Amino acid sequence: MNAPVNVKPRGRQFFNNPGPTNIPDRILRAMDRPVMDFLAPEFLEIQRACMAGVKRILKTDQTLFVHASTGHGAWEAAVANLFSPGETVLVVETGYFSMGWKEMAETLGLKVETVPADWRKGVDIAKLAERLAEDKAHEIKAVLAVHNETATGMVLPLAEVRRALDEAKHPALLLSDTISSLGSMEYKMDAWGVDVTVGGSQKGLMMPTGMAITGVSAKAMEASRTSKMPKYYFNWQLMEARPPQRFIGTVPVHFFFGLQESIRMLEEEGLDAVFARHARLAEATRAAVRAWGANGKGPTLYGQTPERLSNSVTTVLMPEGVSSDGLRKAALERYNLSLGGGLGPLMGKVFRIGHLGDLNEPMLLGCLATTELAMKTAGVPFAPGGVDAAIDSLAGQA
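Whatever position you read off the sequence shown (first residue = 1), add 42 for the working numbering.
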């Protein structure tokens, strides 16, 4: 019997978007409490614990700022605090979000160059090194990079970007977006020589959207003192002068309640174990996708460089001539499974499976099995055996 039309599926939704992600009950309960004076000693202790915990996750001893905004707010804060109108920055193209950062920088009055790349293969670091070596006058003030490109499911090796800067003896700052890798994949701000790190609350930190995190090196703080870009709410100099809470306006205390619990959960599991879990679930997802496309007619992995495939999101390329819209519609409306869609030029051409944050094997297998069901419902051609391949992958990694 067909399912009734316009009847909402029952049961808990399987939410496998690559952000926002599932919010654990522990974090929801931690945030479900009365408001507190943000200057009260009890809250200041919570805030200090959160800031120290985030530094441990970022692996940094540098300055940390928190904004009540999405990650895009932290993007804008970085641009507004570091540069003056007319200066030049270099964007490493990785996909939709790298191009978004480029657009923002241009809108704020900067000259933006791009190191172009095939989104499916990832940027050639040699091209970045070549451009840096050419810039003898050091007109390029910064390299803007997205560590984990959420749209393509591809990782940028930041240590290699830093090496290119060092070998060229180029003084440009290195800015990195870690929004979809923070708390899900290893990130070493200080060891990799990252000057500004931009993060958000709604992915690996397992919280609601609305808290942006920015790590700032001493070199970047010094550069911010000469910036002529207009800013007020995002002004690091003003924030630095307002200890202990470092906020322009009211502090979002409930986000700190949630962040404290998020840090507890990550450190109870152990960061290395968190990263290993994400790697395990990611490889199982990729095994399923490879099986679906084994007959040459089904969906395939969008990324074509194996060592750069993300451990927090898998982007799946639809068969030629088949839109992902019908699949995602069936998954959501019939089976209560939320999958990510394509962004920008990838709209309708791919779907994305988020496997980050509060996730385990049963949750992932439920997602993959329901994705197969939705493909069958929507008439998407695919080879059977994806779930079995994921199970074999997980069993082999146990």
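Don't be surprised by glycine CBs; every beta carbon is placed ideally from N, CA and C.
Bear in mind the structure is a predicted one, so any value in this text is a computation, not a measurement.
What whole-angstrom Cβ distance do Y377 and T412 have, given they're in contact under 8 Å?
-> 5 Å
Same chain, Cβ closer than 8 Å to D208, five either side skipped, listed in chain order | G235
Applying the criterion that 16 or more other CB atoms from any shown protein chain within 10 Å of the CB defines a buried residue, is K230 buried or exposed?
-> exposed
Proximity below 8 Å, CB of L132 to CB of V185 = yes
Segment limits, alpha helix (DSSP H) that includes S304 | 295-311
The region 307-327 in contact with the region 267-275 per 3-pair CB rule at 8 Å | no
Through-space distance from L170 to L198, alpha-carbon basis = 12 Å
Nearest neighbour of G53, chosen from G257, L374, A416 [CA to CA] = L374
Name the DSSP bridge partner or partners of I65?
-> Its beta-bridge partners do not exist; DSSP assigns none.
Relative to the C-alpha of S126, which residue among S435, A147, K371 is closest?
-> A147
Going along the chain, which residues of its own chain have a beta-carbon closer than 6 Å to the beta-carbon of V121, five neighbours each way excluded?
-> A147, L150
Around the Cβ of W358, are there at least 16 other Cβ atoms within 10 angstroms (buried) or fewer (exposed)?
-> Residue identity differs from the one stated: residue 358 is Val in this sequence, not Trp. Classification of V358: buried, given that the 10 Å Cβ count is 16 or more.
In chain order, what residues of the same chain have a beta carbon less than 6 Å from the beta carbon of R68, not counting five sequence neighbours either side?
-> E303
Could you spell out where the beta strand (DSSP E) holding D219 opens and where it closes?
-> 215-219
Can at least three beta-carbon pairs, one atom from the region 236-254 and one from the region 57-72, be found at a separation below 8 Å?
-> yes
Whose C-beta lies closer than 6 Å to the C-beta of G363 among residues of the same chain, with five residues either side of it excluded?
-> none
Across which residues does DSSP place N190 in a beta bridge pair?
-> V197
For E309, count neighbouring Cβ atoms within 10 angstroms of its own Cβ and tell me buried if that reaches 16, exposed if not.
-> exposed
Please work out which residues of its chain come closer than 6 Å, Cβ to Cβ, to M43, disregarding the five sequence neighbours upstream and downstream, and give them in chain order.
-> For M43, the pLDDT reaches just 46, beneath the cut-off of 50, and the residue's location in the model is therefore unreliable, although a value from the coordinates is still provided. Counting only Cβ-Cβ distances below 6 Å, and skipping sequence neighbours, we find nothing.
Exposed or buried, M73, counting other C-beta atoms within 10 Å across all chains shown (16 or more means buried)?
-> buried
Can you check whether the CB of G408 is closer than 8 Å to the CB of F6?
-> No answer is possible for residue 6: the residues shown for the chain start at 43 and end at 440.
Out of curiosity, what's the CA-to-CA distance linking K97 and T156?
-> 30 Å
Hey, quick one: how far does the alpha helix (DSSP H) through N123 stretch, first residue to last?
-> 113-124
Beta-carbon gap between I221 and G242 smaller than 8 Å | yes
List in chain order: all unbroken alpha helix (DSSP H) runs of 4+ residues lying wholly within the region 375-433.
-> 403-420
Cross-strand partners of T292 (DSSP beta bridge) = DSSP lists no partner for T292.
Count the other CB atoms within 10 Å of the CB of V316; is the residue buried (16 or more) or exposed (fewer)?
-> buried
For A283, I'd like the list of residues in its chain whose CB is within less than 8 Å of its CB, leaving aside the five on either flank, ordered along the chain.
-> none
Supposed close pair G164, M196 - CB separation, criterion 8 Å | 5 Å
State the Cα-Cα distance for the pair L385 and V422, rounded to the nearest angstrom.
-> 20 Å
Excluding five sequence neighbours on each side, which residues of the same chain lie with their C-beta closer than 8 Å to the C-beta of G312?
-> none
Helix, strand or coil at V77 according to DSSP, with G and I counted as helix | coil
Residues in its own chain within less than 6 Å of G137 by CB, not counting five upstream and five downstream?
-> W161, E191, A193, T194
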